[in-house]
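Numbering (the numbering used here), first residue to last: 1 to 103. Beta carbons: idealized from backbone N, C-alpha and C, even for Gly. Take a look at the structure set out below.
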Amino acid sequence: MATQNQKQASNNNTKSDDKCHETWKKLKEEKQQSQKIQQDKANRENKGEFWWDEPIDNMTIEELEAYVKAIDELRNNVDKRAKDIMEANNPNPLGKDFPGLIY
Numbered sequence: 001m002a003t004q005n006q007k008q009a010s011n012n013n014t015k016s017d018d019k020c021h022e023t024w025k026k027l028k029e030e031k032q033q034s035q036k037i038q039q040d041k042a043n044r045e046n047k048g049e050f051w052w053d054e055p056i057d058n059m060t061i062e063e064l065e066a067y068v069k070a071i072d073e074l075r076n077n078v079d080k081r082a083k084d085i086m087e088a089n090n091p092n093p094l095g096k097d098f099p100g101l102i103y
């Protein structure tokens, strides 16, 4: 009976060791991928490229959702800034709601 328990314990240890090794291997791969992404990002920054120029192929769902949100915020900011500039340059003293008087 003790021999069977020892075999089962040994099998459980082997399975745990295999799972631990596989997890360690995945972690190492993820770290390498993260380092590559960080290096690519640094290279793009050095070249004067912007975050919206980054490839999206390797992004996770969470990263893609954050990217879409950031792009929407950027678009809204650009739209607001363009409107502000147009209003500042508007020669009509009555404002944008009054296109001008025709005599």
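Does the distance from the C-beta atom of residue 37 to that of residue 52 stay below 8 Å? The sequence position of residue 37 within the sequence shown is 37, counting from 1. The sequence position of residue 52 within the sequence shown is 52, counting from 1. No Cβ-Cβ contact shorter than 8 Å links residue 37 with residue 52.
Reduced DSSP secondary structure (H/G/I, E/B, other) of residue 47: Sequence index remark: in the sequence shown, residue 47 carries index 47 (1-based). Residue 47: coil per DSSP, three-state reduction.
Simplified DSSP assignment, three categories, for residue 59: Sequence index remark: in the sequence shown, residue 59 carries index 59 (1-based). Coil, per DSSP.
Beta-carbon gap between residue 44 and residue 54 smaller than 8 Å: Mapped onto the sequence shown, residue 44 falls at position 44. Mapped onto the sequence shown, residue 54 falls at position 54. In this structure, the beta-carbon distance from residue 44 to residue 54 falls below 8 Å.
Straight-line gap, residue 103 to residue 74 (C-alpha atoms, nearest Å): Walking along the sequence shown from the start, residue 103 turns up at place 103. Walking along the sequence shown from the start, residue 74 turns up at place 74. With a pLDDT of only 41 at residue 103, under the threshold of 50, the placement of this residue in the model should not be trusted; the figure read from the coordinates follows. Cα-Cα distance, rounded: 42 Å.
In angstroms, rounded to a whole number, what distance separates the CA positions of residue 49 and residue 20? Within the sequence shown, residue 49 is the residue found at index 49, counting from 1. Within the sequence shown, residue 20 is the residue found at index 20, counting from 1. Just so you know, the alpha carbons of residue 49 and residue 20 end up roughly 40 Å apart.
Tell me which same chain residues have a C-beta within less than 6 Å of the C-beta of residue 18, skipping the five on either side of it? Translated into positions along the sequence shown, residue 18 becomes position 18. Result list for residue 18: empty, nothing under 6 Å.
Tell me which residues share the same chain as residue 77 and place their Cβ nearer than 6 Å to its Cβ, disregarding the 5 neighbours each side in the sequence. Here residue 77 refers to the residue found at position 77 of the sequence shown. If we look at residue 77 and ignore the five residues flanking it on each side, it has no Cβ neighbours.
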